[in-house]
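Undergrad: Please read through the structure below; I'll follow up with questions.
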Amino acid sequence: MSLLNRVHLNGLRAVETVARLGSLAAAAGELNVSASAVSQQIKRTEKQPGQALFERTPGGLVPTEFGALFTARLGAGFRELAQAVAMADEASQCTLVVSVAPAFASKWLLPRLSRHFARHPNVLLRIDASGRVADLDHSDIDVGIRMGDGKWPGVRAELLLAQEVFPVCTPSIAARLHSIEDLAQTCAITDERSMISWDSWFAAAGVSPVTFLKGARFT
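Spelled out as structure tokens, the structure:
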């Protein structure tokens, strides 16, 4: 560590950046300083090992033989340092991936995000807006919000909120319906993306399923 105390990190960054980008101007742009400041940092750094790191040519700075070896080691060191900083950043923040139907996300979840971030500022959210069944075992999804009875194999389900679900129809069709059995004389619209099927509605209503006439199906 005593050797590191003899060098300046900013100077080492300037040397590595010039060697990697090939010019003072490009290095100054990446480091957000002036080209003259980069040049001064290089001169100051060259005094520490006592050897020239670059050869001054009309075309710019060219690494010397020693400079090429020196900057190669510096590049590896700065990459390791960047990975360590990224690891520390990931440790301070975690990302929760939530899979939810698009309509539920826009109408219920999004209006409540500010409350979440106020309570958990270090927990980032990534929303997977999808109505498909979430495969929690073979994806990066942490939580799935779905409509249903919660009796899905292989998962632990908790009731988030209760919702009343019922079929709807036009007034002209309603006038012809006097019993559940009369549904057999109608065409049903079926959304196969929904977690609530006609069969599950019949079961919840405590009646026998009815076979509809052919109708539209959405997938």
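Read in this note's numbering, the sequence shown has 91 at position 111, and its numbers run on one by one without any break.
Heads up, the beta-carbon is just placed ideally off N, CA and C, and yes, glycines get one too.
1) Under 7 Å, Cβ to Cβ, is there at least one residue of chain B near L157?
2) Does the region 77 to 96 come into contact with the region 105 to 114, if we say contact requires no fewer than three beta-carbon pairs (one atom in each stretch) closer than 8 Å?
3) Could you check which residue in W178, P82, A137 and G124 has the C-alpha nearest to that of V148?
4) Just list the alpha helix (DSSP H) runs in the region 48 to 123, keeping only unbroken ones of 4 residues or longer that don't cross its boundaries, in chain order.
5) For V(-5), which three-state DSSP category applies?
6) Might you give, ordered along the chain, the residues of its own chain that have their beta carbon closer than 6 Å to the beta carbon of F182, omitting 5 neighbours on each side?
7) Is there contact between the region 151 to 163 and the region 113 to 128, where contact requires at least three CB pairs shorter than 8 Å?
8) Assuming contact is defined by CB atoms lying nearer than 7 Å, are V103 and L141 in contact in what I supplied?
9) Please classify V187: does DSSP put it in a helix, a strand, or coil?
10) Suppose contacts are defined by Cβ-Cβ distances below 7 Å. Is A(-6) in contact with L1 by that definition?
11) What do you get for S205, buried or exposed, if any count of 16 or more other CB atoms within 10 angstroms of its CB means buried?
12) When the Cα of I(-10) is compared with those of L49, L54 and A32, which residue comes out closest?
13) By the three-class DSSP mapping on this structure, what secondary structure does R136 have?
14) Can you say whether I169 is buried or exposed, counting buried as having 16 or more other CB atoms within 10 angstroms of its CB?
15) Among residues of its own chain, excluding the 5 on either side of S19, which ones have a beta-carbon nearer than 8 Å to its beta-carbon?
16) Alpha carbon to alpha carbon, how far is L49 from C74?
17) Can you list, in chain order, the stretches of the alpha helix (DSSP H) that have 4 or more residues and sit fully within the region -5 to 50?
18) Classify D162 as helix, strand or coil using the three-state DSSP reduction.
19) So what does I125 bridge to, in DSSP terms?
20) What are the boundary residues of the alpha helix (DSSP H) that A154 is part of?
TA: Taking the structure as given:
1) The structure shown contains no chain B, having only a single protein chain.
2) yes
3) W178
4) 93 to 99
5) helix
6) P189
7) no
8) no
9) coil
10) No.
11) Nothing in the structure corresponds to residue 205, since the chain is present only between -19 and 199.
12) It should be pointed out that residue -10 corresponds to Asn in this sequence rather than to Ile. Of the candidates L49, L54 and A32, the one whose C-alpha sits nearest the C-alpha of N(-10) is L54.
13) Coil.
14) exposed
15) L4
16) In this model, L49 and C74 are separated by some 38 Å (Cα to Cα).
17) 4 to 11 and 15 to 27
18) D162 falls in the helix class under three-state DSSP.
19) DSSP output for I125 lists V80 as bridge partner(s).
20) P151 to A154
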